[in-house]
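Student:
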Amino acid sequence: MSRYVDGLAVATCCFEAAAWHQSVRIQCSCGHFALHDAHGLWWLCRCRGWNDSFYMLRPRFYCTLCLASYRRKVRPKAIEADRDGKPTITLPMPPEDIWKKEVRRWR
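First residue of the sequence shown: 916, per the numbering used here; consecutive thereafter.
Set out below in structure tokens:
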């Protein structure tokens, strides 16, 4: 369920970000970040049976730069929808019929 800031809806999960054509920004406390395509990230979550809310995805990601430097996994500081960023990481897209069925169910 989306939340509202200043009267605008803000995505709280991968599906909402994908439905609103936004990217997903995963940012580490070191400043490194990655922009994922929300459609592919939602499909990955659905195939693996993961909850696609941003809060529940935090334990599933870690910073590769911090892993190389400190030899330990550092979890992201923030996972949020990004309206302007172009995705740098693309995953396989969901089949069109499944995506349309989910969008119809969501509306």
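Don't be surprised by glycine CBs; every beta carbon is placed ideally from N, CA and C.
Remember, it's a predicted structure, so these values are computed and weren't measured experimentally.
Taking 8 Å as the limit between beta carbons, can you name the residues of its chain near V989, skipping five residues before and five after?
Tutor: Within the same chain, Cβ atoms closer than 8 Å to the Cβ of V989 are found at C943, S944, C945, Y977, C978, C981 and L982, the five residues on either side in sequence being excluded.
Student: Given this structure, state the Cα-to-Cα distance separating C928 from Y985, to the nearest angstrom.
Tutor: 30 Å
Student: Quick check: T1005 and L950, are their CB atoms within less than 7 Å of each other?
Tutor: no
Student: Going along the chain, which unbroken runs of the beta strand (DSSP E) with 3 or more residues stay wholly within the region 980–1006?
Tutor: 993–997
Student: If you draw a straight line from the C-alpha of C960 to the C-alpha of N966, how long is it?
Tutor: 7 Å
Student: Rounding to the nearest angstrom, what Cα-Cα distance links Y970 and P991 in this structure?
Tutor: 10 Å
Student: With distances taken from CA atoms, which of D1012, K1001, P1010 and L972 is nearest I994?
Tutor: L972
Student: Going by the DSSP bridge assignment, what does Q942 pair with across the sheet?
Tutor: The bridge partners DSSP lists for Q942 are F948 and A993.
Student: To the nearest whole angstrom, what separates the beta carbons of Q937 and R1022, a pair I think is in contact under 8 Å?
Tutor: About 17 Å separates the CB atoms of Q937 and R1022; that is not less than 8 Å, and the two are not in contact.
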